Amino acid sequence: GPNTGRAGLATPKLSAATLDSVETEGSRKQPVFIAEILDDDSVIEFYEDFSHLAFGDSRGKVYKTCQALKYRTKEAAEAAAAMEVTPQRDPRKSILSSRVIRIDGEHGISKIEKDGKVNCRYCWTIKRDVFDIPMLIVMN
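The sequence shown begins at 1 in full-length UniProt numbering and counts up by one.
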């Protein structure tokens, strides 16, 4: 019947997490959820902090460290593919293998953790109205 309690539209299927622009019907870039760019442990801590602030400590703040996953844009992946066809240094002159030398020089990846994650820090608070109902999450 007309009053079944069901929503008229289904929830859209989420695509894989990339930072490339995803074109849709309206040719608009789609947002990336924070849970898509954090590692598993950081996502769990993030939502635990959220539930603590939203339902427990009404005036609290969170300052935490997390690990964000390193994604490559389409341009960076193409540049990496172009680097593979260029000749590399002789691996016998180094204690590192040729693969490690190639990865180490690519896009400053040597400054990132070896597991492809970047250490980050976030802080956030929840702003509430006069009735102490959450109305805004402020996050940096």
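Each residue gets a CB set at the ideal place from its N, CA and C atoms; glycine is no exception.
In this text, all values refer to a predicted model and were calculated from it rather than measured experimentally.
To which residues does DSSP link residue i through a beta bridge?
i      : result
PRO134 : ARG128
VAL118 : ALA68
LEU53  : DSSP output for LEU53 lists no bridge partner at all.
VAL62  : TRP124
I think residue i touches residue j, with their Cβ atoms under 8 Å apart; what is that distance to the nearest whole Å?
i      : j     : result
TRP124 : VAL62 : 5 Å
ASP39  : LEU69 : 6 Å
ILE126 : LEU53 : 5 Å
ILE34  : PHE50 : About 10 Å separates the two Cβ atoms, so there is no contact after all.
Applying the criterion that 16 or more other CB atoms from any shown protein chain within 10 Å of the CB defines a buried residue, is residue i buried or exposed?
i      : result
ILE137 : exposed
SER58  : exposed
CYS120 : exposed
PHE131 : exposed
Can you find the residues in the same chain that come closer than 6 Å, C-beta to C-beta, to residue i, ignoring five residues on each side of it along the sequence?
i           : result
MET139      : TRP124
residue 214 : Lying before the first or after the last residue shown, residue 214 is absent from the chain, which here runs from 1 to 140.
GLY60       : LEU53
Apart from the five residues on each side of it in sequence, which residues of its chain come closer than 8 Å, Cβ to Cβ, to residue i?
i      : result
GLN67  : LEU38, ASP39, ASP41, SER42, GLU113, LYS117, VAL118, ASN119, CYS120
VAL100 : Its pLDDT being 49, under 50, VAL100 is placed unreliably by the model, and nothing is read from it.
By Cβ distance below 7 Å, which residues in the same chain neighbour residue i in space, the five residues on each side in sequence not counted?
i      : result
ILE44  : none
TYR122 : LYS64, CYS66, MET139, ASN140
PRO79  : Reading off the sequence, residue 79 comes out as Ala, not Pro. Excluding sequence neighbours, ALA79 sits near nothing in its chain.
MET135 : LYS127, ARG128, ASP129
ARG28  : none
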